[in-house]
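Engineer:
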Amino acid sequence: MTIYTGKTEAAAIAAGVAALNTSRDQVITKVVATPRKGLFGIGKRDAMVDVTLKPVAKEMARPTQQPAPKKPVVKAQPTPKPFVKAQPASATPKPVQPTVDPAKRRQQRQAAIEGVQDYLATIVDQLGIDATLDVENTAHRQIHLAFTTDKEGLLIGKHGRTINALQSLAQLYLNHHGAAHVDVVLDVAGYRERRTATLTRLAESTAREVVATGKPIYLDPMPSFERKQIHAVLAKNRYVSTYSAGKEPHRAVVIEPA
Numbered sequence: 001m002t003i004y005t006g007k008t009e010a011a012a013i014a015a016g017v018a019a020l021n022t023s024r025d026q027v028i029t030k031v032v033a034t035p036r037k038g039l040f041g042i043g044k045r046d047a048m049v050d051v052t053l054k055p056v057a058k059e060m061a062r063p064t065q066q067p068a069p070k071k072p073v074v075k076a077q078p079t080p081k082p083f084v085k086a087q088p089a090s091a092t093p094k095p096v097q098p099t100v101d102p103a104k105r106r107q108q109r110q111a112a113i114e115g116v117q118d119y120l121a122t123i124v125d126q127l128g129i130d131a132t133l134d135v136e137n138t139a140h141r142q143i144h145l146a147f148t149t150d151k152e153g154l155l156i157g158k159h160g161r162t163i164n165a166l167q168s169l170a171q172l173y174l175n176h177h178g179a180a181h182v183d184v185v186l187d188v189a190g191y192r193e194r195r196t197a198t199l200t201r202l203a204e205s206t207a208r209e210v211v212a213t214g215k216p217i218y219l220d221p222m223p224s225f226e227r228k229q230i231h232a233v234l235a236k237n238r239y240v241s242t243y244s245a246g247k248e249p250h251r252a253v254v255i256e257p258a
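Each residue of the sequence shown is one higher than the last, beginning at 1 in full-length UniProt numbering.
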C-alpha cells in the first residue's frame with residue numbers, strides 16, 4: 001500500500017500520479033482518510049489516499065503450435081504356435097502291475113486248493129472228528145469242498161457256527177496263498193442247500209411282516225455270504241429294502257419298508 005497526502009483528496013491523488021510518473025487514468029485510488037480542519041488547529045489532518053498503478057493486461061497467449069501427430073506404431077504380431085492339447089497330469093503314477101504267467105497262476109491256484117484241503121483236514125482231526133474232504137466242484141472263481149463224516153451235527157455246530165468258522169479259515173488260507181480271487185464253499189451232508197432254503201423262507205416271511213407292521217426288523221447276525229443271500233432274495237421286492245448294520249462278527253441284515 002502506497003499512501004499519498006494532500007490538503008484535499010484531489011491534491012493527494014495528484015501527488016501520487018506525479019510520484020508514479022503516470023496519468024490519472026492509469027492509477028487506482030483508495031481514500032484512506034479524509035481531510036479534517038480541526039478546532040483551533042487541534043485535530044487537523046490532511047487527506048490520505050492510496051494510489052497504485054493499474055495492472056498491465058497480459059498479452060494474449062499465442063496459440064501453441066500443435067505437434068505433428070505421431071504415426072501409429074504397429075506392433076508385429078507374434079507367429080501363432082500350433083495348439084497342443086495338454087495331457088492331464090496324474091496325481092500319482094499308477095504302479096505297474098507285474099505280468100503273471102497264466103500257467104504259473106494256474107499252478108499257484110491248484111497248489112492253494114490242495115494246501116487248503118490238508119489244512120482243513122488237520123483242524124478237523126484236532127477237533128476229534130473223523131472225516132474225509134473231497135472237492136465236489138471247481139469253477140474259475142469258486143471251489144466247493146464237502147466233508148463226509150458220521151458226526152455231521154458236530155461238524156456243522158449250533159446254527160452252523162463250526163462249519164462257517166472252518167469256511168472262514170479256508171478263505172483266509174486261500175487269500176494268503178495266491179488264490180485270493182477264489183471263493184471257497186465248505187459243505188457237509190448238503191447243509192448249504194438246506195441253509196439256503198431256510199434263509200429264503202426267512203427273508204420272504206420277514207418281508208411280509210415288515211410290510212404288515214410298517215416297522216424295520218433286524219435279523220440275527222450272519223456271516224457275509226449268508227447276508228448276501230438275504231439281499232439277493234429280496235432285491236426285486238419293491239415293498240421292502242435291505243441293508244447290513246453292525247460290526248463283524250455281529251453284523252446283521254435289516255429289512256425295512258421301502
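For glycine and all other residues, C-beta sits at the position ideal for the given N, C-alpha and C.
1. By DSSP, does Glu59 sit in helix, in strand, or in coil?
2. When the Cα atoms are used, what is the spatial distance from Ala146 to Ile156?
3. Please state whether DSSP places Thr34 in a helix, a strand or coil.
4. Closer than 8 Å is the cut-off here; do at least three beta carbon pairs connect the stretch 48-56 with the stretch 2-16?
5. Which runs of the alpha helix (DSSP H) fall wholly inside the UniProt domain "KH type-2" (116-192) and span at least 4 residues, in chain order?
6. I'd like to know whether the C-beta atoms of residue 259 and Lys54 end up nearer to each other than 7 Å.
7. With a CB to CB cut of under 7 Å and the five nearest residues on each side skipped, what residues in its chain are close to Ala189?
8. Taking only the alpha-carbon atoms, compute the straight-line gap between Ala112 and His177 and give it to the nearest angstrom.
9. Is it right to say Asn21 is buried, meaning 16 or more other beta carbons lie within 10 angstroms of its own, or is it exposed?
10. How should Ile163 be labelled, buried or exposed, when 16 other C-beta atoms within 10 angstroms of its C-beta is the threshold for buried?
11. How many angstroms separate the CA atom of Leu133 from the CA atom of Ala232?
12. Could you check whether the stretch 167-175 touches the stretch 201-221, counting it as contact only if at least three pairs of C-beta atoms, one from each stretch, sit closer than 8 Å?
13. Is Glu248 helix, strand or coil by DSSP?
Structural biologist: The relevant details are as follows:
1. Note that Glu59 scores 47 on pLDDT, short of 50, meaning its location in the model is unreliable and no value can be drawn from it.
2. Each residue's alpha carbon lies about 12 Å from the other.
3. Residue state, collapsed to three classes: coil.
4. Using a C-beta cut-off of 8 Å, the stretch 48-56 makes contact with the stretch 2-16, since at least three inter-stretch Cβ pairs fall below that distance.
5. DSSP runs (the alpha helix (DSSP H)) wholly in the UniProt domain "KH type-2" (116-192): 152-156, 161-175.
6. This structure does not reach residue 259, given that the chain is present from 1 up to 258, and the question cannot be answered.
7. Here the set comprises Glu152.
8. Spanning the two alpha carbons is a distance of roughly 6 Å.
9. So Asn21 ends up on the exposed side.
10. By the neighbour-count criterion, in which 16 or more other beta carbons inside 10 Å mark a residue as buried, Ile163 falls on the buried side.
11. Answer to the nearest angstrom: the Cα atoms are 29 Å apart.
12. No, they do not touch.
13. DSSP places Glu248 in the coil class of the three-state scheme, outside both helix and strand.
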